[in-house]
Amino acid sequence: MLWRIAARTFWTMVGKGVKGIYCFQFQEGTHHDSYPKWALLRHDLAPKNKLGAFADCAHEVHRLERLLTHARRRDAVKPVALYYSRIDLSLDQPLASTWGEGVDSPYHVYEVLRGLGYSVRWITPKQIEEGQLASVGAVVLVNAQHVPATAASTLAGWVKEGGAVIGDRWPGAFDEHGRPQDVLAPIFGVCAAKPGKSQRAKGKLALEESTQGYGEVTISAIEGDERHKTVGEMWQQWDATHPVARELGPYMLSGFGLQRVQCVDGHVIGMTFGGRPGVVLNEPGKGHSLYIAMLLGSLYSSSATQFEWDTTHSGLDAFRLLDAFLKHAGVQPAVNIGLPPRLRAKVRIEVPLVDAAGNVLIGVTSFNDESLVSLPLTVRWPEGLPEPVRAFVVVGGSRQLTQCPSDLVDDSLHVTVPEVDTHATILLLRDSAPLVSLRVKGAPRAIAGLLHVSPGTELQVEATVHNPSPRRLDAGDVALVLPRGWSTPRSQRSIRAIKPWAKRSATFRVTAPSLCAARRLRPLLVRYTNATLTSTPATELVWWEGALELPER
C-alpha cells in the first residue's frame with residue numbers, strides 16, 4: 000500500500016536526524032505538467048492516502064521539534080562504513096531495477112547490514128585520509144576498484160592494526176588516476192587465477208603484468224553490458240575449519256560477476272564451480288578481511304533475482320555470512336531485536352538522537368508485510384549518557400504517549416514497543432519541555448493510523464499534559480482548536496500545577512459537521528500554555544469523509 004511506503008519513508012528520515020525535510024511536494028495538484036510524479040491529490044483535489052501519511056508524520060515532527068531540532072546522532076558502537084567511490088559509481092553499468100540501481104548495489108548491502116542491527120554510515124577517501132577510520136568498526140568496499148593511493152595505504156595500515164574490511168571484485172586495483180596499484184591486494188589474500196587454455200585462446204582473461212596479479216585487462220574481461228549474464232553460485236567449503244565457517248554452516252549464494260581467483264593467503268570458506276575460491280577470509284596483522292568473488296551488492300540466497308523492496312525473499316544466507324564475519328572481527332550490532340530472523344531483517348532501529356539535556360529519541364520503522372504484535376529491543380546505550388527517568392512510546396498515527404518500562408543494564412537498554420505497523424517512536428526523557436498526549440474516543444483508526452470521522456460523529460478528546468522534567472510546571476490552560484464547522488461546548492480548560500514527572504488531563508467533547516462534501520484531511524489541535532511557556536501542538540489528523548474508503552493498492 001502506497002501510504003505505508005510513504006509513512007516508512009518519511010519516518011526513516013526523521014529517525015536518522017534529517018533536518019528541514021522539504022514539504023513543497025505536499026502542495027502539488029494534478030493539473031501541472033511539471034509535477035505529476037508526486038501524485039498526492041486526486042483529480043477532484045481530494046488528498047490521497049499517502050498524503051495523509053506524509054502529513055501525519057509532519058505533525059508529529061512539529062510536536063517533537065524542540066527535541067529533534069537540537070538532537071544529534073550518538074553512536075553507542077562503532078558503525079560499519081560503506082566506502083563511497085565517486086569514480087566507480089560514476090562509471091556506466093547496467094541497471095538492476097527501475098530505481099536506477101547498479102547491479103552491484105551498495106544499497107542492497109546497506110539494507111542487509113541494517114537488517115542485522117548494525118549502525119551504518121558512509122565514508123569517503125578524504126575522510127579516510129583525515130583519520131576517520133578510528134571511528135568505524137569495518138569498511139565495506141562495494142565495487143570500489145579505484146581507491147586514491149593515500150586512502151588505500153591508510154586503509155591497508157588500519158586493517159593490519161586491527162581493522163576489518165569486506166570487498167568484492169578487485170578492491171583498490173587502481174588509484175585515483177587509473178594507475179594500477181597493489182596496496183590492498185595482500186590484505187584480501189587473492190589474485191586472479193591463471194587462465195586455462197580456452198580462456199587464453201579467446202584472449203578474454205589475459206593477465207596484465209603487475210605485482211598484484213590482476214590488472215585492467217582482467218577487470219575489463221567482464222564488460223559492463225554483459226555483467227547481467229554472469230550469474231554465479233557459491234557455497235560452503237566442505238572441509239573449512241575456520242570459526243566463521245563453523246558458525247555459518249551450510250549456505251548457498253547467487254549473484255553476478257563471478258571472478259576467477261586463487262587464494263594466496265588466508266582461509267577459503269566458500270567455493271564456486273570448478274572448485275575455485277568464492278569466499279576468502281584473511282587475517283593480515285591484527286586485522287580481518289573478507290573477499291567475495293561475486294558482486295557483493297548482488298548477493299541473494301539461492302536466487303540472483305532482485306526485488307528492491309524485499310531483501311529476504313529467497314533466504315538469509317547473505318545476512319548470516321556478513322554477520323558471522325563482522326562478529327568474528329569484533330564489530331558488534333547496535334541493536335538486537337527479539338524476533339524471528341525474517342521479521343527482524345525488515346525492522347530498522349535508528350541510532351539514538353540525543354539533545355543537550357540527555358533526552359533521547361529512537362526512530363523505529365517496520366518494513367514487514369503485517370503488523371508486529373510486539374517489538375522487544377535491546378539497544379546499546381551510548382557511553383556516558385545518563386539513564387532516562389521516563390520512557391514513552393508513540394505508535395503510528397497516534398498522538399498518545401504511552402509510558403513503557405525500560406531497563407538499563409550495563410551498556411544496553413531493554414524496552415518493548417507495542418504493536419507496530421509502519422513506524423513508532425521511543426522517547427527516553429530526562430529533562431524535557433511539556434508534551435501533550437491525545438486520546439480520542441468515538442471514531443475508528445483507519446488508513447495510515449488516522450481517525451476516520453464521518454458527518455455527525457461525536458468525539459471525546461482527552462488531552463494529557465506531561466511534565467517530563469525535575470521542575471514543577473505552573474498552572475495553565477489547555478486549548479483545543481478545531482476546523483471551521485466543527486464544534487465543542489468548551490474549547491479551553493484550566494489545569495492545576497503539575498509536579499515533576501507527573502501529568503494532568505482535560506477532556507473535550509467535539510461534534511463533526513452534519514454534511515461532508517469532498518474528502519479532506521482535518522486537524523484537531525491541542526496546545527498547553529501558562530504564564531511562561533507554550534507547548535508545541537499535538538495534532539490528531541483525521542480523515543473527514545462520508546464513508547470509509549478502501550486503501551489504495
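Numbering that gives the first Met the number 0 numbers the first residue of the sequence shown as 0 and each following residue consecutively.
All C-beta atoms in this analysis are idealised placements derived from N, C-alpha and C, irrespective of residue type, glycine included.
For residue i, report the span of its alpha helix (DSSP H) as first-last.
i	result
Ile186	Ala184 to Phe187
Leu66	Glu64 to Leu67
Ala5	Leu1 to Gly14
Val350	Element bounds for Val350: n/a, residue is neither H nor E.
What does the alpha-carbon distance come out to for the pair residue i and residue j?
i	j	result
Gly212	Tyr250	Confidence at Gly212 is low in this model, with a pLDDT of 45, below 50, so its placement is unreliable and no value can be given for it.
Arg71	Met0	32 Å
Pro375	Val392	13 Å
Val625	Gly136	The question about residue 625 has no answer here: the residues shown for the chain are numbered 0 through 552.
Ile556	Leu400	Only positions 0 to 552 of the chain appear in this structure, which leaves residue 556 out of reach.
Ser373	Ile186	43 Å
Asp368	Tyr83	31 Å
Thr506	Ala462	6 Å
Gln402	Arg245	43 Å
Ser134	Thr123	13 Å
Val414	Trp380	12 Å
Leu154	Ser297	24 Å
Tyr109	Val119	7 Å
Leu252	Ile291	11 Å
Asp55	Met12	14 Å
Gly357	Ala239	48 Å
Arg65	Leu434	10 Å
Val182	Leu295	21 Å
Between which two residues does the beta strand (DSSP E) carrying residue i extend?
i	result
Trp500	Segment: none, Trp500 is in no beta strand (DSSP E) and carries neither H nor E.
Lys440	Leu434 to Lys440
Asn367	Neither: Asn367 is in no beta strand (DSSP E) and is coded neither H nor E.
Pro375	Leu374 to Arg379
Arg429	Unbroken run through Arg429: none, as it is neither H nor E.
Thr415	Ser411 to Val416
Val243	Premise fails: Val243 lies in the alpha helix (DSSP H), Pro242 to Leu247, not in any beta strand (DSSP E).
Ala478	Gly475 to Val480
Asp167	Ala163 to Asp167
Val260	Val260 to Cys262
Leu449	Per DSSP, Leu449 belongs to no beta strand (DSSP E) and is neither H nor E.
Leu289	His287 to Ile291
Pull the bridge partners of residue i from the DSSP assignment, please.
i	result
Gln595	No answer is possible for residue 595: it lies beyond the span of the chain, which begins at 0 and ends at 552.
Ser253	Glu232 and Tyr299
Asn466	Paired residue(s): none; Asn466 is not in a bridge.
Phe173	His145 and Pro179
Arg508	Gln459
Met270	Trp234 and Pro276
Ala191	Val260
Ser486	Thr510
Ser493	Asp476
Leu294	DSSP, once it has assigned bridges, lists no residue as partnering Leu294.
Arg519	Trp543
Val408	Ser411
Pro46	Leu40
Here's the rule: buried if 16 or more other CB atoms are within 10 angstroms of the residue's CB, otherwise exposed. What is residue i?
i	result
Pro283	buried
Val408	exposed
Pro467	buried
Phe272	exposed
His513	Position check: residue 513 holds Ser in this sequence, whereas His was assumed. So Ser513 counts as exposed.
Gln144	buried
Arg470	exposed
Leu67	buried
Ser288	buried
Thr210	Residue placement at Thr210 is poorly supported in this model, since its pLDDT is 41, which falls under 50; the coordinates still yield a value, given next. By the neighbour-count rule (16 or more Cβ atoms within 10 Å), Thr210 is not buried but exposed.
Thr564	A query on residue 564 cannot be resolved here, the shown segment of the chain reaching from 0 to 552 and no further.
Ser493	exposed
His42	exposed
Thr531	exposed
Ala432	buried
With a cut-off of 8 Å, does the C-beta of residue i fall near any C-beta of chain B?
i	result
Asp368	Among the chains in the structure shown there is no chain B, since it carries only a single protein chain.
(request) Run through the segment 73-161 for me and flag every whole beta strand (DSSP E) of 3 or more residues, listed as ranges in chain order. (result) With a minimum length of 3 residues, the continuous beta strand (DSSP E) runs that stay inside the segment 73-161 are 79-82, 119-122 and 137-140.
(request) Please list the segments of the alpha helix (DSSP H) lying wholly inside the segment 309-341, counting only runs of 4 or more residues, in order along the chain. (result) Runs of the alpha helix (DSSP H) spanning 4 or more residues and lying entirely within the segment 309-341 occur at 316-327, in chain order.
(message) My parser needs the alpha helix (DSSP H) runs of 4 or more residues fully inside the segment 523-550; what are they?
(response) Entirely contained in the segment 523-550, not one alpha helix (DSSP H) run reaches 4 residues.
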